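J.: Here it is, the structure, as C-alpha cells.
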Amino acid sequence: MSTASAADDPCMVLHLSSSDNNGESGDMTVFRLKERKNWDSWLQSSIENGEKDTKESQIPAPGFQILLSSPTRGVLDETIRNPYYYLPFAREVWQQVTKTFRLPGAIVKAMWDNKTYCGLSKHGGDAGAEQLEFFTAVMDAASVPDSLSISSTYNTKSELSVAVIYNCEYAQKSRVVYFLERSPEVSDHPLLIPGLFAELQLDRLEKAVKQLNSRRDIILGKVGLKESGEDPEGKTDVNWQVNKDLRQIVIDAATTEHTIRSAKDKLSKIIAHAKDDTHVWTANLKFAVHTTRFQVRLDDIDRELGILMAQCRVVAEELTTAGDVFVTEFQRREALEATRQAKSSIIIALVAMIFLPISTLSTVFATPVFNFENWWTDINFQPSSSPASSVSTGVAEPMNTSEDTSASVISACSSASDVMYVGSGSGCKKRRRRRAKEVDTGSRPTVVEKLKASELFVMPQD
C-alpha cells in the first residue's frame, strides 16, 4: 500500500474509505498489483474486512474502491492495443473480483460488441434487501484512440462505489487520481463513477479534435491557404498526395463527429438518471449540494461535446473548400505548364515549317526518279549563248553541242567536282593532270578538254 500516484503498473486499486477516519474522508491509498501475491493480499484484505465469520463478502464502506486495469499490447507490435477482453490478469482473478464487487454482467457483452454503450440500472430496494445501482459504459475503440470501459456498482445502503476500469492508459490513470484527490468529499456519492466516465470521455474526444485541428493546419499549409499572397510560380507542394490527405482528414472529421454525437447521446442517459433520482439524493442533506454540482458539470460536458461536434463540422467544411481550391490550383498550374510547353512548341513548329519542307523537297527532287534537268553553267556562273543561235538564252550551255545537254544532278555534281581540281600553281596542275587521267578518254570529251575549249576560262601559265 502506498500513497496515490499514477505509476504505470499493470493494475492498481484506488481506495478511500471514510470508516478509516471516523466518518471523515481521508487520504486515498493505492494498492499496486504487480504480482499474484499482491492480488491475493488485496483480495483477502477486501473480503475479510469486517465480520470474518460472515458468509457474504464484506468490503470497506463507505467510500470507493476502483481497480484500474492497463491495456494489453500485441506480442509482435507493442504499439497495437488488444481488445477489451484481453485482461492483464488471470481469469480466476477476474471472476473473484466481479463476485466480490458484484459487478453487472452486461460488461461482457458490451466488450465483445466493441461499440459505444452506456447503461444504468437498479436492483433490489425491497424491505431488507440492498439496493444496488449498476453502471456499465464502453467507449468505441475503432474510431478514436484511448478508449476504455467501466463497470461499477453502487450500494445505496453502505454508500460504497466499486468499479473496474478496463484499458486505462497511464495518462487516464493520472486523470482519475487527479479527480479523486481534488474532490474527496464526493467519494461516497452515487454519481462518482458516471462522472469519472464523462470526464474521461471528454478528455479523449478533446484530444482527438485537437489532433484533427493540427492535421488541418498542416494540410492547409501544404495547399497554401495559410500563407498570405499568391504563388504564381507554383512553389508550394501541390500534388495528388495532398488531395488524398485532404479527403482522409475529411473522412476522419466525419467519423470523429459521429463518435462525439454517440457519446453525447450516451451522456444524456446519465443526465436523465441524475435528474430522476435528484429527489432521492437531495433528501440526504450530505448529497444535496454535491448532486447539484454533478448535474451542473454534466450539463457543461454536454455543451462542450456539442462544441466539439461543431469544430469537426468546421474542419470538414474547410477541407472540402480547400479540396476545391486544390483542384483549381492544380488545374492552374497544369495550364501554366501547358502554356510554357506551347510556347516552345511554337518555336519548334516555326523552325520545322521553314526548314523541313525545304530540305524535304530538295531531297525528293534530287532523286533520279524525277530526271531533273540541270543546264550547264560556267565557272563564274555567267550566261552563255547557245551555239544554235546568236541570241543569248540567259543560261550557260556546254560547248560540245553534240553531247546530250540533259544531264542528271549526279553527273552535274561529278563535273563540278572535276572543276574543283582546276586552279593555279604547280600543285593544282598536278591534281588536274592526275584527275584528267582518271576520266574516261572515249568519245566523250574530258573535263580538261572542255575547259580548254571554253573561251571563258583561262588556263594558268606554267
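In UniProt numbering, the protein residues as written are 1 to 462. Using N, Cα and C, we set each Cβ at its ideal position, and we do this for glycine too. Treat the numbers as computed from the prediction; the structure is a model and nothing was measured.
Taking all protein chains shown into account, decide if Ala137 is buried (16 or more other Cβ within 10 angstroms of its Cβ) or exposed.
T.: Counting from one through the sequence shown, the residue named residue 137 turns up at place 137. That one is buried.
J.: Is His123 helix, strand or coil when you go by DSSP?
T.: Within the sequence shown, residue 123 is the residue found at index 123, counting from 1. The answer is strand: DSSP assigns His123 an E or B state.
J.: Look at the alpha carbon of Ser149 and the alpha carbon of Trp39, and state the distance between them as a whole number of angstroms.
T.: In the sequence shown, counting from the first residue as 1, residue 149 sits at position 149. In the sequence shown, counting from the first residue as 1, residue 39 sits at position 39. Approximately 21 Å between the Cα atoms of the pair.
J.: Alpha carbon to alpha carbon, what distance is there between Arg332 and Tyr170?
T.: For the purposes of this step, residue 170 is taken as residue 170 along the sequence shown, with counting starting at 1. For the purposes of this step, residue 332 is taken as residue 332 along the sequence shown, with counting starting at 1. If I take the Cα positions, the gap works out to 50 Å.
J.: Could you compute how far the alpha carbon of Glu181 sits from the alpha carbon of Gly63?
T.: If you number the sequence shown from 1, residue 181 lands on position 181. If you number the sequence shown from 1, residue 63 lands on position 63. Answer to the nearest angstrom: the Cα atoms are 13 Å apart.
J.: So is Lys266 buried or exposed if we call it buried at 16+ other beta carbons inside 10 Å?
T.: Reading the sequence shown from its first residue, position 266 is the one you call residue 266. Buried is the call here.
J.: Alpha carbon to alpha carbon, how far is Thr328 from Cys340? Give it in angstroms, no decimals.
T.: On the sequence shown, residue 340 is found 340 positions in, with the first residue counted as 1. On the sequence shown, residue 328 is found 328 positions in, with the first residue counted as 1. For clarity, residue 340 is Arg in the given sequence; the question names Cys instead. Each residue's Cα considered, the two are about 18 Å apart.
J.: Quick one, which of Lys122, Asp140, Met139, Ala141 has its alpha-carbon nearest Leu132's?
T.: As a first step, residue 132 must be located in the sequence shown, where it is residue number 132. When only C-alpha atoms are compared, the closest one is Lys122.
J.: Where Leu220 and Val351 are concerned, what is the direct C-alpha to C-alpha distance, given to the nearest angstrom?
T.: Numbered from its first residue, the sequence shown carries residue 220 at position 220. Numbered from its first residue, the sequence shown carries residue 351 at position 351. When rounded, the distance between both Cα atoms is 45 Å.
J.: Should Ile307 be labelled buried (16 or more other beta-carbon atoms within 10 Å of its own) or exposed?
T.: To locate residue 307, count along the sequence shown from 1; it is residue 307. Exposed.
J.: Looking at Ala208: is its Cβ nearer than 7 Å to the Cβ of Ala254?
T.: Translated into positions along the sequence shown, residue 208 becomes position 208. Translated into positions along the sequence shown, residue 254 becomes position 254. Against a cut-off of 7 Å, the Cβ pair of Ala254 and Ala208 comes out as no contact.
J.: In three-state DSSP terms, what is Cys11?
T.: Here residue 11 refers to the residue found at position 11 when the sequence shown is read from its first residue. Cys11: strand per DSSP, three-state reduction.
J.: Since Val93 is in the alpha helix (DSSP H), which residue starts that stretch and which ends it?
T.: Counting from one through the sequence shown, the residue named residue 93 turns up at place 93. Unbroken alpha helix (DSSP H) run through Val93: 91-101.
J.: Cα separation between Val144 and Ala335?
T.: Taking the first residue of the sequence shown as 1, we reach residue 144 at position 144. Taking the first residue of the sequence shown as 1, we reach residue 335 at position 335. Each residue's alpha carbon lies about 41 Å from the other.
J.: Could you spell out the range, first to last residue, of the alpha helix (DSSP H) harbouring Gly195?
T.: As a position in the sequence shown, residue 195 is number 195, starting the count at 1. Segment 192-223, the alpha helix (DSSP H) holding Gly195.
J.: Three-state secondary structure (DSSP) at Ile301?
T.: Translated into the one-based positions of the sequence shown, residue 301 becomes position 301. Ile301: helix per DSSP, three-state reduction.
J.: Just curious, the alpha helix (DSSP H) that Gln172 is in, first and last residue?
T.: Numbered from its first residue, the sequence shown carries residue 172 at position 172. Run containing Gln172: 170-182, per the alpha helix (DSSP H) assignment.
J.: Just reading off the alpha helix (DSSP H) that Ala274 is part of, what are its end residues?
T.: For this step, residue 274 is matched to residue 274 along the sequence shown. Start and end: 240-276.
J.: According to DSSP, is Ile80 part of a helix, a strand, or is it coil?
T.: Working through the sequence shown from its first residue, we reach residue 80 at position 80. Ile80: coil per DSSP, three-state reduction.
J.: Can you tell me whether Asn239 is buried or exposed? The criterion is at least 16 other CB atoms within 10 Å of its CB, across all chains shown.
T.: For the purposes of this step, residue 239 is identified with residue 239 of the sequence shown, where counting begins at 1. Exposed.
J.: Does DSSP put Glu318 in a helix, a strand or coil?
T.: The residue given as residue 318 occupies position 318 in the sequence shown. Looking at Glu318 - three-state DSSP - the assignment turns out to be helix.
J.: Quick check on Leu16: does DSSP put it in helix, strand or coil?
T.: What you label residue 16 is simply residue 16 of the sequence shown in a count that begins at 1. It is a strand residue.
J.: Roughly how many whole angstroms lie between the Cα atoms of Thr363 and Ala349?
T.: To locate residue 363, count along the sequence shown from 1; it is residue 363. To locate residue 349, count along the sequence shown from 1; it is residue 349. Their Cα atoms are separated by approximately 20 Å.
J.: If we call anything under 7 Å between Cβ atoms a contact, is Pro190 one with Tyr166?
T.: Counting from 1 along the sequence shown, the entry for residue 190 is found at position 190. Counting from 1 along the sequence shown, the entry for residue 166 is found at position 166. Their beta carbons are not under 7 Å apart, which means Pro190 does not touch Tyr166 by this criterion.
J.: If you follow the beta strand (DSSP E) that Ala163 is in, where does it begin and where does it stop?
T.: Here the question's residue 163 lines up with position 163 in the sequence shown. Where Ala163 is concerned, the enclosing beta strand (DSSP E) stretches over 160-166.
J.: At a cut of 8 Å, does the segment 88-102 reach the segment 62-79 through at least three beta carbon pairs?
T.: The segment 88-102, when compared against the segment 62-79, does touch it at the 8 Å Cβ threshold.
J.: Run through the DSSP bridge pairs and tell me what Gly63 is partnered with.
T.: The residue given as residue 63 occupies position 63 in the sequence shown. Answer is Ser17, Leu160.
J.: Pull up the distance between the alpha-carbon of Gln96 and that of Phe31, whole angstroms please.
T.: Counting from one through the sequence shown, the residue named residue 96 turns up at place 96. Counting from one through the sequence shown, the residue named residue 31 turns up at place 31. Cα to Cα, Gln96 sits roughly 17 Å from Phe31.
J.: Between the C-alpha atoms of Gln311 and Ala274, what's the straight-line distance to the nearest angstrom?
T.: As a working mapping, residue 311 is identified with position 311 in the sequence shown. As a working mapping, residue 274 is identified with position 274 in the sequence shown. Using only the alpha carbons, I get a separation of about 28 Å.
J.: Looking only at its chain, what residues have a beta carbon closer than 8 Å to the beta carbon of residue 470, apart from the 5 residues adjacent to it on each side?
T.: Outside the shown range of the chain (1 to 462) lies residue 470, about which nothing can therefore be said.
J.: Output the boundary residues of the beta strand (DSSP E) element that contains Val138.
T.: By one-based count along the sequence shown, residue 138 stands at place 138. Note, Val138: beta strand (DSSP E), 132-138.
J.: So is Arg36 buried or exposed if we call it buried at 16+ other beta carbons inside 10 Å?
T.: Walking along the sequence shown from the start, residue 36 turns up at place 36. Result: exposed.
J.: Please classify Ser424 as buried or exposed, where buried requires at least 16 neighbouring CB atoms within 10 angstroms.
T.: Sequence index remark: in the sequence shown, residue 424 carries index 424 (1-based). In this prediction, Ser424 has a pLDDT of 46, which is less than 50 and means its spatial position is unreliable; what the coordinates show is noted afterwards. Ser424 is exposed by the Cβ-count criterion.
J.: In angstroms, rounded to a whole number, what distance separates the CA positions of Val13 and Leu200?
T.: Position 13 of the sequence shown, counting from 1, holds the residue named residue 13. Position 200 of the sequence shown, counting from 1, holds the residue named residue 200. Spanning the two alpha carbons is a distance of roughly 18 Å.
J.: Measuring straight from C-alpha to C-alpha, what distance separates Lys222 and Val314?
T.: Position 222 of the sequence shown, counted from the start, is the residue given in the question as residue 222. Position 314 of the sequence shown, counted from the start, is the residue given in the question as residue 314. The straight-line gap from Cα to Cα measures roughly 19 Å.
J.: Count the other C-beta atoms from every protein chain shown that fall within 10 angstroms of the C-beta of Lys264, then say buried if there are 16 or more, exposed otherwise.
T.: For the purposes of this step, residue 264 is taken as residue 264 along the sequence shown, with counting starting at 1. With 16 or more Cβ atoms within 10 Å of its Cβ, Lys264 is classed as buried.
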